[in-house]
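Asks:
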Amino acid sequence: MSGEVISLGPSLRGEDRRIWREVEKNVAGCDSHYFFTFFNPQSSGKDVEKEFFVLSVDGDHVGRASATLDKNFGNVGFIEEFMVREDQKDFVDPLIERCLSVLKEKGVEEVMVKGGLLLALQTEGYEEIPPFGCPHNPPWYVDLFERNGFSKTREWRLFNAKLPKISKDKAKKFEEALDRLGIKIRPLKARDTKEKMAFDNLLSETNANPYMDTIPARSEKTSRFALFISSMVMRFLKVRTFVGIDKNGDVVFFMGYLPDFNRAMLPLNVINEKRSVSPTLYSSLKVPFAIRRVKVCRELGIKLTFPTYSPPPSYLSSYLKVCQERGIGPAKGVSEDIKMEDILNYFIYLMRKDGYEEMTACVAQTDNLSMQPLEDFIRRYKDVKTVGRYAALVYDFK
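The sequence shown begins at 88 in the working numbering and counts up by one.
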């Protein structure tokens, strides 16, 4: 048996797109916890360059990956959409090497692996339903990259917890602490141009996790129509964002949560696994089905975001250096007048009030987010379990 790496070029059209999807079905077609991509994975914007590759073994397409360069991070490249069939993993090295070679020719100093929206791969918890946005891959994927020179530089743990009941008096302690600082907390006015821009700017400045998806961009002038559509989508999908407004009317902090869309789509995924619907019908049903489920289900809420600060680690990757050069982080410190426990009590109170019974939250080791208080907090309660572990993998050409 012999393997061959085939380039599909910078975009996927016609037969090339069919081959790309074929690999996805070949590798993950029987995995009810894998959520097939709905959108075409093309270059997202003029500043992004991609090249798509597939691994062919004796004429069978058994693996794929894309080499991505975002010019906003000129010296950092990414390997994305990587997957390979387990029985063919011994042939995958040339695929990884090809991606590295292409990115090196573009002048990058560092390459990171991106799974889902997170710049990481899953190391534990493959048997669980992946929280929305998180990678879902067999843990042996990490071994494949490590044997090709990649190193782990960050790790995450995701905890699932039954939400405890928080009394209104406990929740009010956070509001009282904010009152003493002259800050009022309320839902984000997503249709207010000035407030939305202020929120986007704060999100960029205090980006709680630069490894998650892309760095938030500072908001530019946005049309009222675009804001209206955005606010309607957020409301329909139950994405909740709360902001703190100081005496001058400035947005000084934020927190938020959203439903786990993967949990909402799981029933349709099981139907697709049984081949009860055609792939085309599955793709067309997925988004409206998820929206309907999100409207009625109160199973799981995810994503905890509020700015905190922790000292930078001894290792500072090229990726994080670029973040600093762009003015990203570290996040502004939380006032000593505000206890972390009061923040979390208030946050859980909001989620319970909104009908949620569970929460999945990330305890991360990053440069500007110290989540240890969250871990200590939720471990007081029963039914807390780790649902996933993730690691950032970096290849350093230097």
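Here a beta-carbon is modelled for each residue, glycine too, at the ideal position from N, C-alpha and C.
If you draw a straight line from the C-alpha of A478 to the C-alpha of E233, how long is it?
Replies: For A478 and E233, the distance between alpha carbons rounds to 11 Å.
Asks: According to DSSP, which residues form a beta bridge with D147?
Replies: In DSSP, D147 forms a bridge with V144.
Asks: Quick one: using the 10 Å Cβ neighbour count with 16 as the cut-off for buried, is G442 buried or exposed?
Replies: By the neighbour-count rule (16 or more Cβ atoms within 10 Å), G442 is not buried but exposed.
Asks: Is it true that the CB of T240 sits closer than 7 Å to the CB of L275?
Replies: Not in contact: L275 and T240 (Cβ atoms no closer than 7 Å).
Asks: Under a three-way DSSP split, which group does E233 fall into?
Replies: Helix.
Asks: For R151, count neighbouring Cβ atoms within 10 angstroms of its own Cβ and tell me buried if that reaches 16, exposed if not.
Replies: Buried: at least 16 other Cβ atoms inside 10 Å.
Asks: If you drop the 5 nearest sequence neighbours on each side, which residues of the same chain put their C-beta closer than 7 Å to that of L250?
Replies: Taken in chain order, the residues that qualify are I435, M438, R439, Y443, E444, E445 and M446.
Asks: Determine which residues share a DSSP beta bridge with P274 and list them.
Replies: Beta-bridge pairing links P274 to F329.
Asks: Under 7 Å Cβ to Cβ from D180, same chain only, skipping five residues before and after it: list those, please.
Replies: For D180, where only same-chain residues beyond five positions count, the Cβ hits under 7 Å are N235.
Asks: Tell me the rounded alpha-carbon separation between F323 and D429.
Replies: When rounded, the distance between both Cα atoms is 29 Å.
Asks: In the DSSP assignment, what residue or residues form a beta bridge with S94?
Replies: Beta-bridge pairing links S94 to F140.
Asks: Does the segment 211-230 touch the segment 186-198, meaning 3 or more C-beta pairs lie closer than 8 Å?
Replies: Short answer: they don't touch.
Asks: The beta strand (DSSP E) that contains G475, what's its start and end?
Replies: First-last of the beta strand (DSSP E) with G475: K472 to D483.
Asks: Does DSSP put E214 in a helix, a strand or coil?
Replies: Here E214 sits in coil by DSSP.
Asks: Using beta-carbon positions only, say whether L314 and V326 come within less than 7 Å of one another.
Replies: Their beta carbons are not under 7 Å apart, which means L314 does not touch V326 by this criterion.
Asks: How would you label G96, buried or exposed, when you count the other beta carbons within 10 angstroms and need 16 or more for buried?
Replies: Looking at its Cβ environment, which holds fewer than 16 other Cβ atoms inside 10 Å, G96 is exposed.
Asks: Can you tell me the Cα-Cα spacing of V163 and N288, whole angstroms?
Replies: So the alpha carbons of these two residues sit roughly 23 Å apart.
Asks: Could you tell me the distance, in whole angstroms, from the CA atom of N224 to the CA atom of Q209?
Replies: If you take the alpha carbons of N224 and Q209, they lie about 6 Å apart.
Asks: What is the DSSP secondary structure of D103, counted as helix, strand or coil?
Replies: Helix, per DSSP.
Asks: Can you give me the start and stop residues for the alpha helix (DSSP H) that E428 sits inside?
Replies: It spans M427 to K440 - the alpha helix (DSSP H) in which E428 sits, taken as one unbroken run.
Asks: Starting from I166, trace the beta strand (DSSP E) both ways and give me its first and last residue.
Replies: From DSSP, the beta strand (DSSP E) with I166 extends over V163 to V171.
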